[in-house]
Amino acid sequence: MKLVSALYCSISLIGCSVSGSTFITRDIDNGTDVLYSKARANDGVARFECRSSESGQCFYTVFAHDCRSADGAGVETANCTDAPLRRFSVPAGSTHELSGLDDFRLCVSTKNHAVAPDCKPVHAVAAQ
412 MKLVSALYCS ISLIGCSVSG STFITRDIDN GTDVLYSKAR ANDGVARFEC RSSESGQCFY
472 TVFAHDCRSA DGAGVETANC TDAPLRRFSV PAGSTHELSG LDDFRLCVST KNHAVAPDCK
532 PVHAVAAQ
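Each residue of the sequence shown is one higher than the one before, starting from 412 at the first, in the numbering used here.
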């Protein structure tokens, strides 16, 4: 354990960051990737990589991280809104980079449709 601590300390002294978040979304059907996406956020910069998508695009929706309670119960907090911070698509085999994203929640899909913070599709309310 002391070796690991010393290694992290040494890396931080030369300016390398070992913190950050990684998001992997993978949907496989009969051994074939339907969707495979990787995203990495570090020091306010997020890099989104669409490795494969049956539609040819990965559709990303980024929400504020504080949309769920800290205890993990899944209860929405007062800070949560249905409005995403960002929505964008990335062609399969490509990457996209955004700055200013430190702590966020991510939804990825093969379809271009609006999603709620729980990543479920938002359906239009029928006129009454």
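C-beta atoms are modelled at their ideal positions from N, C-alpha and C, and glycine is treated no differently. Because the structure is a prediction, the values reported are computed rather than measured.
- Sorting A450, P502 and H476 by C-alpha distance to the C-alpha of L509 places A450 at the top.
- A straight-line Cα-Cα distance of about 17 Å links T521 and G442.
- The Cβ-Cβ distance between V501 and F459 falls below 8 Å.
- Between the alpha carbons of V526 and C469 lies a gap of roughly 14 Å.
- Boundaries of the beta strand (DSSP E) around C518: F515 to S520.
- Per the C-alpha coordinates, the member of C461, A457, V456 and H476 positioned closest to S448 is C461.
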